[in-house]
Amino acid sequence: MKLYARLYTTAGLLILLSACGGGGGSTSPSSSTGNSSSSSTASSSASSSSSASSSTSGSTSSSSGSSSSSTGGFNVGGNATGINGSVTLTNQANNDTKTLTSDGPFTVSSGLPDGSPFNVVISTNATDLNCSIEGGEGIVSGGNYNGLSVTCLGENGYNLVPFGIQTQAPSIVVSGLRVVDRATNKPVSGLTLNDFVVRENDEALGSEAFLDSEPVSNANLIIKTVLLLDISTSLSESDIITLKQAARAVIYEENNHGVKVSRLIPGQRVAIYTFDSQVERIIGFSSDVGALADAIDSIPEKIVEGGTTLRGNSTNLIGAVQTGVAQWTNRFGLDDAETGYAILVTDGEHTSDDATPASIQGQLVNAAGVRKDVYAIAVRNNADMAALSEITGTTNKVYQALDISDLNLRLQEVQAEAIEQTKGLYRIYYATPKRSGTHEISIEVADNELCPVNDTGCVTTLVGNFSASGFSDITAVLSAQVVGAIEYSTRAYAVPPATTITVTGKLRWLNQAPDLSFSWEENLASTTPPELSTDGATKVTFNVDNSFAVNKLQIEDQATGLNTVLSFALDTDADGIPNINDNDDDGDGVADTADAFPLDSAETTDSDNDGVGDNSDAFPLDRFESADTDNDGIGDNSDKFPTDPTETGDNDNDGLGDNRDTDDDNDGVLDVDDALPFDPTESADSDTDGIGDNRDIDADGDGLIEIHTLADLYAMRSNTLGTGNASVGCPIPACSGHELVTDLDFDTDGDGAITEADEYWNMGRGWVPIFNYRTTFEGNGHTISHLFINTPADNNIGLFGSTGTNFVARNIVLRKAMLTGANNVGPLVGYMSATGHISDCYVDGEIHSPSAGNYMIGGLVGRSLSATLGDVTSIRRCTIKTTISKTYSNGLIGGVVGNSQNLVMEDLLVTTQITANAGFFGGLVGTMSGTLIASTSIDAGNILQTSSTVAGLFGNWSAAPSVTAVVWDVDSHAGITSKGTNNYGTSLTTDDIRCPTEESVNGCSEDALATVATFDPEIWDLGSNNQYPALKLNGVSTRDDNSNGIWDSLE
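Here the sequence shown stands for residues -21 to -1, 1 to 1030, where the numbers follow mature numbering (1 follows the signal peptide of the UniProt record, and there is no 0).
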């Protein structure tokens, strides 16, 4: 034989999907045993192997029989294989029994309490069966136990299938073989060195040969799978679609997130070929399920597309098989191995030329008798079953899909059977002492049954030859076998997470028991290395998670000092490529650089950056929520009852969900009556704008901010435009003014006087006027009482010290005002610096100006300027009953306005009493410029000054006023003209003013009938012939004939 640096044995499987026949079963591990009969010495056969023939496969059935256990609690059971007849099990801990009559899962005891011991044994064995049980003894721990494994093998012996002999320097001989149960044709696993008889030149090997055996699975086993898919035109477009679906299902499955999860076992690689008249490779060997899926997608479904014929009408079946089996070599080396199989899927027979299965036997079976494994699936009934059986070597490897829809199941059955057969593979090796010449090696299974007469497929002894030319002495080494990881480079392993990794060390070429130590040599990722769990002196196990990266395991024999180092690297997607070399660690088809979760195949994006992937995130766009346990649409973080789908909130935190709670905010107002049932500070929403009245600055929704208190009134100085948005209850686009919603009184202690006990005493200065007010002030007929300002040296004194453009005041009652100031003094407004409008007001009180200077004082407004005649300042429908005293120097004083420019006055009743030294005084206006228009008004005040600048209506003007139906009471203004000799307005006696509207009643004067009688009764209450007229405010007469401060209409 040729010498190799490393010895490889390759076993190949070719899978044919063809017509009838089927076979295969599950692995039958051979173990120690129940009652078995003895076996005789096996006969030998030649070095060429023969395929064992057996009956066609059938479907697996569950075990049957009765159990004497009770119900409830936990169960003890497992799985049985190889049952042929009856096998009885007994739980010696409680005498429960179970009779098995077929393969499958079973239960021996049920209803066992937690902590119950069990000891299950085989009490009765079936005739001609050698049965064993594993995992039969233990204690029930918190759940059902399904770890019992019953394996039965026929007592008529084993067949051996050769996989060749290879040699390796310096003098190593390696032989590969498969052990198959002769009766069931199932692979036999679990055999040890003691189960084999190995001879060299027909002599037993001495201890210097260091003979040993191992399952091939202990090595780095590469399994090459070749899919050969018939796409000839006898298969329709829908057939090809189904064929592709079946091929995908063998290779991967998609999870709920659309991620392709591999179904390949570690070390398995898949190549795909299609054939019609030609054989075409679609993809070479790969374990990348994404690449394999893309290759399958590329297989043409249509026969003709775009004018091009895509699939032929001839079938090159033999050529496909030849091509497929040439893709691998069965080789078993000391440290690794390669085997394979092909799966052929066809619905017909070979038609492209005269080739036959016999003509390719040289490719199917080599000179040593090693047959490459080929499986066939015949679709429907048109396939050449005889040819398929000849290709596979047995009818047991020919399966039939009676319908194309059945193909998926058949293909998966074949894949499972082919993988199962790898479990019976063994490697037997030793160091021969021979240094030259050709020598023979023979291998048998100890105590094997002889072959039945005329059974040409029975093989009990394998014989082969090797050359020892050039051999030299062996050197002892410490080797290691790794289970659970994939070797991607020499002594470097890719480790899938959450997988138990077992490392077993052994001293090769040394007859000495090892005493090994295991330790992590270094931690390249600076993370805590996984904990090592030792099992005796030769074995260690560990698990890794996604926090693991790369580490090296040092193994050393304490006695000899021999050592080796193994490198382990995390392989998240178990594709055999460690993460350090993989650009898609989790195998989800998204490169790590673009993957928010490169170690989680179920996730790739995190839209809300909350650390939870979108596929798992119940709220992928909400970084504060990711789970919704009760599926009520409310995230658990926000859900007061995350496990109750009928409740989500508990507004008042009383432990009762809002859906059940009749008062969610616990404010004493039932939800059905509460406009804002989740706000304990609110219960009403008058304007239904969603803002409770307590917080709503415009509860009635009229666009005016509501004034409830003196504090609210004071706060107007900070919002002289009266603005506010929807967030505080204003309508869209905004509020534009203020309104009184209740009466206000600066006499906050109610003692009838303004003193330091009152809130706005302000060290005796009183109210600080509001300046530059430029919006609407709606009084709603409410009263502001006891307005008190005492700043003798200050100008611009009034409720509003000054106003600007757009000022409007209406429906206001000021009672008992008391103001002391210098210039521009008026109870309502000190200085109207721009056009404004006052209407429907009632004012009484006292005004004092003790300061020297030609100051402007009015019974309502101190000074009013309106630069243009267009929208001029107006004062309408107001009653003014004030007293004004200017005790020092001159003044410009009027019963309504001290000084005006461009003013309209209409429907005024003025009874202002003015006391002053000198200046310009008028019952309505002290001085005026520009235009003044006055109509339907009465001046019944009094001016205690006889200067020539004193007049009943207007003290002085720069242009003649326009006066219509304005009267002044000559009795109250005794001896005073309107202005000098230029009288304006109509002077009437008190009786004329009181006179009824009809002359016939008692002879009222014509002037009275032409003036007072024409006043609008909707605005004026003219009263009887002994009553003075009074204005109405919002339809209510303001008459107070008894002067008690209460309007008669309200008494």
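Here a beta-carbon is modelled for each residue, glycine too, at the ideal position from N, C-alpha and C. This one's a predicted model, so the numbers in the text were calculated from it and none came from an experiment.
What would DSSP say about residue i, mapped onto helix, strand or coil?
i	result
residue 1015	strand
residue 537	coil
residue 500	strand
residue 1032	This structure cannot speak to residue 1032, because the chain is shown only from -21 to 1030.
residue 223	helix
residue 817	strand
residue 525	coil
residue 971	helix
residue 485	strand
residue 403	helix
residue 217	helix
residue 707	helix
residue 443	strand
residue 1006	coil
residue 693	helix
residue 165	coil
residue 187	helix
residue 618	coil
residue 518	strand
residue 458	strand
residue 113	strand
residue 381	coil
residue 388	helix
Classify residue i as buried or exposed, calling it buried when 16 or more other Cβ atoms lie within 10 Å of its own Cβ.
i	result
residue 815	buried
residue 651	exposed
residue 627	buried
residue 281	exposed
residue 141	buried
residue 283	exposed
residue 742	exposed
residue 1029	exposed
residue 2	Confidence is the limiting factor: at residue 2 the pLDDT is only 32, short of 50, which leaves the residue's position unreliable, though a coordinate-based value still follows. Residue 2 is buried by the Cβ-count criterion.
residue 166	buried
residue 341	exposed
residue 649	exposed
residue 145	buried
residue 87	buried
residue 902	buried
residue 309	buried
Measure the CB-CB distance between residue i and residue j and report whether it falls below 8 Å.
i	j	result
residue 564	residue 577	yes
residue 57	residue 122	no
residue 217	residue 255	no
residue 802	residue 774	yes
residue 780	residue 748	yes
residue 703	residue 676	yes
residue 480	residue 527	no
residue 827	residue 799	yes
residue 1012	residue 888	no
residue 878	residue 906	yes
Point to revise | Entirely enclosed beta strand (DSSP E) segments - the stretch 866 to 946, minimum 3 residues | key: DSSP runs (the beta strand (DSSP E)) wholly in the stretch 866 to 946: 876 to 889, 892 to 901, 904 to 918, 921 to 923, 933 to 936.
Review point. Would the stretch 861 to 870 and the stretch 888 to 900 be scored as touching if the rule is three or more Cβ pairs under 8 Å?
Key: In short, these stretches touch, since the Cβ pair count reaches three.
Exercise for review: Within the stretch 271 to 328, note down every full alpha helix (DSSP H) run reaching 4 residues or more, in order along the chain.
Suggested key: Runs found: 296 to 304.
Practice item. Check whether the stretch 459 to 474 touches the stretch 548 to 555, taking contact to mean three or more Cβ pairs, one atom from each stretch, closer than 8 Å. Key: Three or more Cβ pairs drawn from the stretch 459 to 474 and the stretch 548 to 555 lie within less than 8 Å of each other, which places the two stretches in contact.
Exercise for review: Output the residue ranges of the beta strand (DSSP E) runs that lie fully inside the stretch 235 to 272 and measure 3 residues or longer, sorted by chain position.
Suggested key: Whole beta strand (DSSP E) segments, 3+ residues: 239 to 241, 247 to 254, 258 to 265.
Review point. For the stretch 716 to 727 against the stretch 755 to 762, are there 3 or more C-beta pairs whose distance is under 8 Å?
Key: Yes: the two stretches touch, three or more of their Cβ pairs being nearer than 8 Å.
Review point. For the 8 Å Cβ check, are there 3 or more pairs between the stretch 252 to 267 and the stretch 421 to 431?
Key: Touching, no, given that fewer than three Cβ pairs across the two stretches are closer than 8 Å.
Practice item. Could you tell me whether the stretch 581 to 588 touches the stretch 230 to 239, where touching means 3 or more Cβ pairs closer than 8 Å? Key: Verdict: yes, contact present.
Practice item. Tell me the start and end of each unbroken beta strand (DSSP E) in the stretch 738 to 817 that is at least 3 residues and wholly inside, in chain order. Key: Counting only runs of 3 or more, we get 755 to 757, 762 to 764, 767 to 769, 779 to 782, 786 to 799, 808 to 811.
**Study point:** Given 8 Å, three or more beta-carbon pairs between the stretch 346 to 356 and the stretch 300 to 313
**Key:** Touching, yes.
**Study point:** Any 3 or more C-beta pairs closer than 8 Å across the stretch 409 to 416 and the stretch 171 to 189
**Key:** Because the criterion of three Cβ pairs below 8 Å is met, the stretch 409 to 416 and the stretch 171 to 189 touch.
Check your understanding: Touching or not, the stretch 154 to 169 and the stretch 197 to 208, by the rule of three or more beta carbon pairs under 8 Å?
Key -> These segments do not touch.
Point to revise | Stretch-stretch touch, CB-based, cutoff 8 Å, three pairs: the stretch 488 to 501 with the stretch 524 to 540 | key: Output reads yes: the stretch 524 to 540 touches the stretch 488 to 501.
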